[in-house]
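Numbering (the numbering used here), first residue to last: 258 to 573.
Next comes the structure, spelled out in structure tokens:
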């Protein structure tokens with residue numbers, strides 16, 4: 258164990274961990290929303306993330322930008338980012354809508370057992386992933402360098418760059434907006450009502466199918482923004498990258514308390530930091546193993562996760 262490496266790079270490991278954890282948290286919101294309402298683990302959500310990531314990348318390609326492009330000027334950078342973010346959110350929300358309509362709604366109509374939903378989710382995940390693999394010929398796709406990685410300032414000697422600020426800032430804004438939407442809007446009240454008792458909510462006039470669709474759309478939009486942030490931060494995208502990232506996002510949702518929106522934020526940030534600390538202490542080859550080891554250890558002592566509050570009982 259390299260304690261010297263951990264302590265000497267503690268600041269850098271923390272900032273990069275929070276940056277990666279913010280992406281996990283955004284994707285985890287989709288898992289926690291769907292589970293909170295349907296008690297369903299939507300394993301196809303990782304491909305919803307991939308749809309948004311590729312949509313952002315192809316949007317930039319449509320403007321004539323490739324992996325070798327450099328964009329100058331704050332106005333141009335913001336324009337490309339905002340347009341790609343909108344397209345990514347729409348693409349992911351659309352993908353999530355198709356999954357809900359085609360894969361899950363027919364099963365709900367037939368009162369299928371939970372195992373059927375799980376198998377369908379895995380099948381939908383593989384189909385979408387392979388479709389992207391065929392489309393891209395399984396080759397990595399490069400994103401343009403829109404945001405500079407040069408340090409802007411330092412905090413206690415730790416350099417902070419624009420990519421880190423953009424990733425963490427955008428993730429926090431999106432998560433706060435979703436939290437307000439769930440807890441303050443009329444649709445949000447419907448979501449919480451269905452999550453708490455779907456049959457009673459239906460008797461009170463809540464359209465269950467419409468609420469479930471809104472849940473998939475909201476979770477998909479969050480995953481689309483996460484896809485864009487992944488493109489900006491990593492710079493290279495492959496069709497299969499969603500598998501491991503999706504598992505980690507699901508782990509983050511469970512860590513924070515699946516079904517809890519604020520728990521997804523806590524779990525995502527915690528997971529990102531812990532796996533970075535593990536890579537500094539044990540080596541980068543242990544990064545992924547440490548992330549899931551933390552999940553096992555935590556659930557041994559707190560099976561409901563850190564916050565452990567259901568979506569149906571959440572309050573602003």
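Here a beta-carbon is modelled for each residue, glycine too, at the ideal position from N, C-alpha and C.
According to DSSP, simplified to helix, strand and coil, what is residue i?
i           : result
residue 257 : With the chain represented from 258 up to 573, any question about residue 257 goes unanswered, as that position is not in the structure.
residue 324 : coil
residue 515 : coil
residue 454 : coil
residue 548 : helix
residue 533 : helix
residue 258 : coil
residue 541 : helix
residue 286 : helix
residue 441 : helix
residue 413 : coil
residue 429 : helix
residue 572 : The pLDDT assigned to residue 572 is 40, lower than 50, so where the model puts this residue is not dependable; a value taken from the coordinates is nonetheless given after this. Correct three-state label for residue 572: coil.
residue 276 : helix
residue 318 : helix
What are the partner residues of residue i, as DSSP defines its beta bridges?
i           : result
residue 466 : The partner list for residue 466 (beta bridge, DSSP) is empty, contrary to what the question assumes.
residue 493 : 399
residue 418 : 408
Would you tell me roughly how many angstroms separate the C-alpha atoms of residue i and residue j, rounded to the nearest one?
i           : j           : result
residue 550 : residue 560 : 14 Å
residue 276 : residue 461 : 42 Å
residue 380 : residue 321 : 35 Å
residue 397 : residue 500 : 15 Å
residue 454 : residue 292 : 14 Å
residue 347 : residue 507 : 22 Å
residue 469 : residue 337 : 32 Å
residue 340 : residue 317 : 9 Å
residue 447 : residue 463 : 6 Å
residue 498 : residue 484 : 11 Å
residue 571 : residue 394 : Residue confidence for residue 571 is low, a pLDDT of 46 falling below 50, so the modelled location carries little weight; the figure read from the coordinates is stated next. So the two alpha carbons sit approximately 44 Å from each other.
residue 474 : residue 349 : 8 Å
residue 427 : residue 516 : 22 Å
residue 541 : residue 472 : 36 Å
residue 374 : residue 272 : 38 Å
residue 435 : residue 343 : 16 Å
residue 467 : residue 391 : 33 Å
residue 444 : residue 376 : 30 Å
residue 573 : residue 545 : The pLDDT assigned to residue 573 is 35, lower than 50, so where the model puts this residue is not dependable, and the model offers no usable value.
residue 412 : residue 269 : 10 Å
residue 480 : residue 287 : 7 Å
Could you tell me whether the Cβ of residue i comes closer than 8 Å to any Cβ of chain D?
i           : result
residue 380 : Given the protein chain composition of this structure (a single chain), no chain D is represented.
Using 8 Å as the threshold, is the region 384–391 in touch with the region 524–544, meaning 3 or more CB pairs across them? no
Give a yes or no on contact between the region 528–545 and the region 305–313, applying the rule of three or more CB pairs nearer than 8 Å. Taking a cut-off of 8 Å for Cβ pairs, the region 528–545 and the region 305–313 do not touch, as fewer than three such pairs fall below it.
Pair every Cβ in the region 326–336 with every Cβ in the region 359–377, then say whether three or more of these pairs are closer than 8 Å. no
Between the region 265–283 and the region 456–472, do three or more beta carbon pairs fall short of 8 Å? no
Inter-stretch contact (C-beta, 8 Å, three-pair minimum) for the region 486–493 and the region 390–408: yes
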